[in-house]
Amino acid sequence: MARKIRLIEEEPSDETLDNADFNKTVLELAKSMDWKLWELLQTMQRIEKNLTVVDDDSAE
6 MARKIRLIEE EPSDETLDNA DFNKTVLELA KSMDWKLWEL LQTMQRIEKN
56 LTVVDDDSAE
């Protein structure tokens, strides 16, 4: 027996972003992404500083 799928159409919202609002939103998103990437870079550099790589070929 097949189930019926009921689709509910969303009404278009009255809050349509104009170009300036859209640009502001995208800019804020880009700034937050940049900050998170900077934090990740700093964390990885701290981890890399504490890690040592052992070369197995030099032991032979």
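Residue numbers 6 to 65, in the working numbering, belong to the letters of the sequence shown in order.
Here a beta-carbon is modelled for each residue, glycine too, at the ideal position from N, C-alpha and C.
Through-space distance from residue j to residue i, alpha-carbon basis
i          : j          : result
residue 67 : residue 14 : Outside the displayed range of the chain (6 to 65) lies residue 67, so it cannot be described from this structure.
residue 37 : residue 51 : 21 Å
residue 33 : residue 39 : 10 Å
residue 35 : residue 56 : 31 Å
residue 24 : residue 12 : 31 Å
residue 31 : residue 41 : 15 Å
residue 43 : residue 53 : 15 Å
DSSP three-state assignment for residue i, whether helix, strand or coil
i          : result
residue 35 : helix
residue 14 : coil
residue 8  : coil
Heavy atom of the ligand COA within 7 Å of residue i beta-carbon
i          : result
residue 42 : In the structure on display, the ligand COA does not appear, and there are no ligands present to speak of.
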